[in-house]
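For reference, the structure discussed in these notes is given below.
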Amino acid sequence: MKTVNSVYIDGKFETPHGTEKAAIISPLDRQPIASIVYADQTDTEKAIQAASKALVTYSKTTATQRSQYLIAIHDEILKRIDDLIDVTIREYGAPRERAKWANLIAATTFADQAKVLGTYAFTTTVNESTVIREAIGVAALFTPWNATAGAIALKVAAALAAGCTIVLKPSEFCPWQAEIIMECIDAAGLPAGVVNMVNGHGEVITEAIMQSAAVTKISFTGSTLVGKILAKRAVDTMKRLTLELGGKSANIILEDADLSIAIPMALQAAFMNNGQACIAGTRLFIPASKKDEIEALLIKAADTFTVGDPRQGDFKLGPLANQRQYDRIQQYIQIGIDEGATLLAGGLGHPEELSAGYYAKPTVFIGVNNQMRIAREEIFGPVLSVITYNSEQEAIDMANDSDYGLMAYISSGNHTHATELARELKSGRILINTLKHDPLAPFGGYKHSGIGRENGLIGLEEFLEIKTVIG
Ligand code: NAD
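Under this note's numbering, the first residue of the sequence shown carries the number 147, and numbering increases by one thereafter.
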């Protein structure tokens, strides 16, 4: 069986110093598909040393040289795109279309960052001063399991563009996809030590990173809970922070929306990536006046969200990523039932004949109020909470009455009015009548959804320090 590399240091894949072994279980059928030996603190210390050494020369490279490295990584990812899609399905359970889209975006992220770098002014004049922006130093990058290649690409591309060197800590739950991305970076021919990877338990790797003054930047994508732990610890050595955290995104259907488009789109927003998306639109606000019509459309649309093994057909949803995720989603469905919400679609258990993997039923609750746990907590699975409102102001107030503020969605027949409402929402990104992604515009969250932004120019600047020279 395949053994996944967990350690890449100073330009080489290495046998880890760590000894703890784990099996990688496919969520499609619960069968082991690979194994990994986790990296430990010693591996992480070595990776930090290699990154510190490489920083001396890499931080002095020209933007043109760094653009060439970014393009080379882009090209290498495209060469491995079929492997990446295959492993994203087997290791994570993504539907094929999603696996394809997510991995292609990972490749284009490197090309986009090269584009940004091509026009970026690292030195500017402000009043009588020269302002210099330079690489922040060694960056520790933490990524989650639900968007392995995409999250790694966003962080690695921006850090490399800035002239930083890297210790990458991908999720230990999807290490095979991370290994392939690391192989692409290896094949792109960067100087040794510029990108290093250690994969193991978050707490263990974090210990070495937090103890090191050489690491000056943390860029973390993951849960709000863990983001807060890292933020508190990072202050001791004043590491700069970017946090991309959880969400409980509101989707507001206005009275004048074209419901035949808005309702299927609302389910797509809730169930994308098997419901395991930070940006999922999991609170659907509907006008009380259209409640019956919308509920009928939700039932009809929910039927089209087919679930199955992505290797065997073009299903809209695959399984949840692991047993822990499956159990979590079942618990939340039970919580919704116990709180008195009504099931309109889905519910507890596996869809018929799909008990071999971690398949769950795409679930829609109606009769939800914004104080219920299923409306406040990030479930991170295919569970939609539908909440009725009596006035637009009430919809906006309820949408903003959340700890989170990552994404929001509005459906309306009047784009100008929807744009005015978007100004009222406390969210980092707002989509009006679309689910489109803009990979160059800022992405990140208000409130407990994070600190800072990723993507494009602003993503690059998260890895720069600013120095003013006067006289
Ligand atoms: P997680 O917080 O459990 O893990 C994220 C990373 O942190 C992993 O690499 C993990 O190994 C590490 N980690 C876990 N526990 C740790 C600890 N105690 N100390 C140090 N490191 C630790 O998140 P996850 O379950 O992998 O991912 C799902 C979460 O990520 C969801 O909340 C989702 O909303 C969020 N997410 C956010 C975005 C975004 O851009 N805002 C994107 C994707 C996912």
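Just so you know, even glycine gets a beta-carbon here, dropped at the ideal spot from N, CA and C.
Query: Inter-residue spacing [alpha-carbon to alpha-carbon] between F461 and E243; Result: 9 Å
Query: Straight-line Cα distance separating K206 from A281; Result: 9 Å
Query: Closer than 7 Å: L463 CB and nearest the ligand FMN heavy atom; Result: Ligands present in the displayed structure are limited to the ligand NAD, and the ligand FMN is not among them.
Query: Any non-hydrogen atom of the ligand NAD closer than 7 Å to S365 Cβ; Result: no
Query: Whole-angstrom distance between N342 and A196, CA atom to CA atom; Result: 8 Å
Query: Own chain partners of T203 with C-beta closer than 8 Å, once the 5 adjacent residues on each side are dropped; Result: P337
Query: Backbone CA spacing between L489 and K394 [nearest angstrom]; Result: 19 Å
Query: C-beta contact flag for I533 and L430 at 8 Å; Result: yes
Query: Backbone CA spacing between E349 and R386 [nearest angstrom]; Result: 19 Å
Query: Closest residue to L250 among L610, D438, G296, S435 (Cα-Cα distance); Result: G296
Query: Beta-carbon separation (whole angstroms), M554 vs L571, contact threshold 8 Å; Result: Position check: residue 554 holds Ala in this sequence, whereas Met was assumed. Sure, about 5 Å apart at Cβ, within 8 Å.
Query: Residue(s) in a DSSP beta bridge with K378; Result: Answer by DSSP bridge pairing: none, since K378 is not bridged.
Query: Cβ-Cβ separation, P528 to N420 (assumed contact under 8 Å), whole Å; Result: 6 Å
Query: Where I231 sits in the DSSP three-state scheme; Result: helix
Query: For S406, three-class secondary structure by DSSP; Result: helix
Query: Any non-hydrogen atom of the ligand NAD within 7 Å of P316 CB; Result: yes
Query: Euclidean distance between Cα positions of I440 and T565; Result: 23 Å
Query: Selection from A252, P585, T234 that minimises the alpha carbon distance to I223; Result: A252
Query: Closer than 7 Å: I525 CB and nearest the ligand NAD heavy atom; Result: no
Query: Reference I217, options M418, V302, M384, closest by Cα; Result: V302
Query: S595 CB to nearest heavy atom of the ligand NAD below 7 Å; Result: yes
Query: G239 versus A248: straight-line alpha-carbon distance, rounded; Result: 13 Å
Query: Any non-hydrogen atom of the ligand NAD closer than 7 Å to S369 Cβ; Result: yes
Query: N546 - DSSP class collapsed to helix/strand/coil; Result: helix
Query: DSSP-derived helix/strand/coil call for L490; Result: strand
Query: Length of the line joining the Cα atoms of H256 and L300; Result: In the sequence as displayed, the identity of residue 256 is Phe instead of His. F256 and L300: Cα-Cα distance of roughly 8 Å.
Query: Cβ-heavy atom distance, S218 to the ligand NAD, below 7 Å; Result: The question names Ser, but residue 218 in the sequence shown is Ala. Because no heavy atom of the ligand NAD lies under 7 Å away, the Cβ of A218 does not count as near it: no.
Query: Backbone CA spacing between M328 and G157 [nearest angstrom]; Result: 10 Å
Query: Boundaries (first-last residue) of the alpha helix (DSSP H) holding R242; Result: 242–265
Query: Proximity test, G392 beta-carbon vs the ligand NAD heavy atom, cut-off 7 Å; Result: yes
Query: For K582, the nearest candidate out of A209, M418, L314 (CA to CA); Result: M418
Query: Residue interval of the beta strand (DSSP E) (run including L610); Result: 610–616
Query: Spatial distance of S548 from I542 (CA atoms); Result: 11 Å
Query: Residue range of the unbroken beta strand (DSSP E) whose run includes A281; Result: 275–281
Query: Inter-stretch contact (C-beta, 8 Å, three-pair minimum) for the stretch 477–484 and the stretch 259–278; Result: no
Query: Spatial neighbours of D402 in its chain, beta-carbon cut-off 7 Å, leaving aside the 5 residues before and after; Result: S558, G559, N560
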